[in-house]
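If you read the sequences in order, they're chains E and W. The first sequence begins at 485 in my numbering and counts up one residue at a time. The second sequence begins at 8 in my numbering and counts up one residue at a time.
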Amino acid sequence: MNKDFRKVLAFPYIIWMAGFTIIPLSLIFIYGLTDKSGSFTFANVLAIFAGEHFKALILSISLSVVSTVICLIMAFPLALTLKSKKLDKGSLIVFIFILPMWMNFLLRTLAWLSLLEKNGIINTILHFLHLPGLNIINTPAAIILGMVYNYLPFMVLPIYNVLEKIDDNTINAARDLGANTMQTFTKVIMPLSIPGIVSGVTMVFVPALTTFVISNILGGSKVLLIGNVIEQEFTKGSNWNLGSGLSLIMMIFILISMAFIAKYDKDGEGISV
Amino acid sequence: MKKKFISTMTVMSMLFVAVLSGCGKSDAGAKAGSAGELYVYNWGEYIDESIIDEFQKETGIKVVYDMFETNEDMYSVIEAGGVVYDAVCPSDYMIEKMIKNDMLAEIDFNNVPNVKNIDSKYMEMSKAFDPENKYSVPYTWGTVGILYNTSMVKDDITSWGDLWNTKYQGNILMQDSVRDAFMVGEKLLGYSINTTDKSELEKVKDKLIEQKPLVQAYVVDQVRDKMIGGEAAIGVIYSGEMLYVQNEVKKAGGDFELKYVIPKEGTNVWIDSWVIPKNAKNKENAEKWIDFLNRPEIAKKNFEYITYPTPNKAAYDLLDKDLQNNTALFPTDDMLKNSEVYKYIGDEGDNLYNELWKEVKGN
């Protein structure tokens, strides 16, 4: 294939990227850095330090950190189990695990609403068994649950991916050389799975940080996250400038995450799911 | 503002699909399209859809029917101009905003003879936002009130203040929309629902923050489902939803009743009216559409489906006595004496409300 032909093949993607990535992104920059009359200002970006916005950001960060940690704690053992299974058995479990992801994200979150409601399915069962009810709907706890449920696969798959690539001989070699199970884990498996962990953490943390749907549905709109603030500016406040300015702040977090991936996952192992 | 069970996201994705495919829903009648097209933009589930078919069959006009969820969503779509609509159905204050921004065309009432069926009372009320009755024809109207579950609430509910009663902690539903939420506090404190006075609004904000621990959730459409399911004891709702929720409870054989009251402090009286945007391409068809909807039997049929009170006197006269005398639905003038229509409060007013609302939510 000659080079010119390759360029032609790349053309659709370039148009796609220009139309749906570069132009929208530039628009966000333009909106974010101007006021309603169109003159340049940093006010929309600095607005993140205004009381309610900053509070929402801190709350978003805390909830996303908690969710990410929970996801990690749940995902790592699962990924290890998957690795230890025979290939086809393991992939069946992976298949079952990602099956719910084929259903719409919104529907899955709404399902949690009917599960957790005061007269919802879980509470009905608990009452039937004369157990105390579960009252976490419309609280940050319900939001964390929603985040963990929705984003857990994004943690499992990258970790599973890197773990699977660790040659069994590497582990056997460690054992031959006298390492016990713990040492094998901390000195061999852990360091080798860092790229997957970093990708997983990023892929959970970033969407959790910016979500507004989960907090609206499971938080009863009582918990204001930074995603809700931005959404409100666009849809209700029709202040696109402020909304864009705050989105730029979110972009900083995304860039930091990407920098981490670039540093620890040089070969893109974790994200090649 | 007033529409039935469709969540924001669903509508947004539907809208997205509609924009992508470049067409809305359209059941072409036998000769549809022969007399041109009509682009209609209305609230979700805010019409008996068989009426659209009837209109198409009779006139041969092909109707492209799209839906929106909030006045604000509708406004940004019209403003962006990607799709040009011929007939749109916004609420009072939004119509005022559109008139101020020169976005509406004057309706030629010679083409809408059935406007005579509208009770003059509502044309009078419309003057709050359309001072000369030039741009809008009322479609539905109603109040915002309190809906409560008679088995969970033993007292008689009469006041907005009942939404601050600690007895109902965790069982109160508030509207998740700035103006409606603030309206409750404003009426309770005796202010106008159109106030832009900062010190008054600060007090309303404090009042709403004080209420927040008692509130189960801030919701829009879900009020209906949550009240039907007995999830909450008391909630803020539009009068047009009342018949629907009461019927659903009956159907489900619930052991409680849902009662609707207009609080004594007064409330927001709203009107949703048909308007024609200035850039409409099929203005005459839009007028035919508005005229069609105002035929007594069509308006009656539509009312029976959407259950939002009709301002159409001729249709009202066709209704059963029970419905006519249902004062929760068609309140007497005396019940509305403290009530107001929303007015457009300007960009600055909007911003102020939004800022304070964020503080309520973030607290």
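Built from N, CA and C at the ideal position, the CB exists for glycine as well.
Straight-line Cα distance separating E/Ala595 from E/Asn626
What sits at residue 626 of chain E in the sequence shown is Ala, not Asn. Whole-angstrom Cα-Cα distance: 12 Å.
Residues bridged to W/Ser98 [DSSP beta-bridge criterion]:
W/Asp279
Under 8 Å by Cβ, that's how I've got W/Tyr48 and W/Tyr92 pegged, so tell me the actual separation to the nearest angstrom.
4 Å
Would you tell me roughly how many angstroms separate the C-alpha atoms of W/Lys104 and W/Glu272, rounded to the nearest one?
27 Å
Environment of E/Ile643 [buried if 16+ CB atoms lie within 10 Å]
buried
Taking only beta-carbon positions, decide if W/Ala259 is within less than 7 Å of chain E.
no
Out of E/Ala527, E/Ile507, E/Ile506, state which residue places its alpha-carbon closest to the alpha-carbon of E/Gly516.
Taking only the C-alpha atoms, the option nearest E/Gly516 is E/Ala527.
Along chain E, in chain order, which residues have C-beta atoms closer than 7 Å to that of W/Val222?
Lys706
Can you round the beta-carbon distance between W/Leu326 and W/Lys307 to whole angstroms, since I take them to be within the 8 Å contact cut?
Contact between W/Leu326 and W/Lys307 is confirmed by a C-beta separation of about 7 Å, below the 8 Å threshold.
Which word fits W/Asn332, buried or exposed, when buried means at least 16 other C-beta atoms lie within 10 angstroms of its C-beta?
exposed
Less than 7 Å between the beta carbons of W/Val230 and W/Leu180, yes or no?
yes
Would W/Asn361 pass as an interface residue toward chain E - the criterion being a Cβ-Cβ separation below 7 Å?
By this cut-off, W/Asn361 is an interface position.
Threshold first: 3 residues or longer. Then list the beta strand (DSSP E) segments lying entirely within the region 315-370 of chain W, N to C.
none
For W/Gln182, report the span of its beta strand (DSSP E) as first-last.
179-182
If you drop the 5 nearest sequence neighbours on each side, which residues of the same chain put their C-beta closer than 7 Å to that of E/Leu566?
Non-local C-beta neighbours of E/Leu566 in its own chain, meaning closer than 7 Å and more than five positions away in sequence, comprise Gly574, Ile577, Val578, Tyr644, ordered along the chain.
Where does W/Met74 fall in DSSP's three states?
strand
Pick out whichever of E/Ile545, E/Val492, E/Tyr497 has its Cα sitting closest to the Cα of E/Ile733.
E/Ile545
Within the same chain, show all residues whose beta-carbon is closer than 8 Å to that of E/Leu547, passing over the 5 residues directly before and after it, in chain order.
Result list for E/Leu547: Pro624, Ile627, Ile628, Met631, Ala692, Leu709, in chain order.
Along the chain, where does the alpha helix (DSSP H) that runs through W/Glu44 open and close?
For W/Glu44, no alpha helix (DSSP H) run applies; the uninterrupted beta strand (DSSP E) run containing it begins and ends at 44-50, by DSSP.
Within 9 Å of chain E by C-beta, residues of the region 292-315 of chain W in sequence order
none
Name the chain W residues that come within less than 8 Å of E/Ser722, Cβ to Cβ?
Glu79, Tyr82, Ser83, Asp357
Using 7 Å as the limit for Cβ to Cβ distance, is W/Lys288 near chain E?
no
Could you give the C-beta distance for W/Gly168 and W/Ser246, rounded to a whole number, given that I count them as a contact under 8 Å?
Not a contact, Cβ separation roughly 20 Å.
Tell me, please, which residues DSSP counts as bridged to W/Thr147.
W/Asp279
Nearest by alpha-carbon distance to E/Gly684: which of E/Asn619, E/Met742, E/Lys539 is it?
It is E/Met742.
Is the shortest distance between the beta-carbon of E/Ala531 and the beta-carbons of chain W less than 7 Å?
no
Just the C-alpha distance for W/Trp50 and W/Ser184, rounded to the nearest angstrom, thanks.
16 Å
Let me know the secondary structure DSSP gives W/Lys266 once reduced to three states.
The three-state reading of DSSP puts W/Lys266 in strand, counting E and B together.
Contact list for E/Pro622 against chain W, beta-carbon separation under 8 Å
Here residue 622 of chain E turns out to be Asn, not Pro, going by the sequence shown. In chain order: Gln223, Ala224.
Checking contacts by CB at 7 Å: is W/Glu238 closer than that to chain E?
yes
Drop a sphere of 10 angstroms on the beta-carbon of E/Pro679, count the other beta-carbons inside from all chains shown, and report buried for 16 or more, exposed for fewer.
Taking all protein chains shown into account, E/Pro679 has 16 or more neighbouring C-beta atoms within 10 Å of its C-beta and is therefore buried.
According to DSSP, is E/Met742 part of a helix, a strand, or is it coil?
helix
With W/Thr165 and W/Pro270 assumed to form a contact (beta carbons below 8 Å), what rounded beta-carbon distance in angstroms separates them?
7 Å
In chain order, what residues of the same chain lie with their CB nearer than 6 Å to the CB of E/Leu562, ignoring the 5 residues before and after it?
Val640
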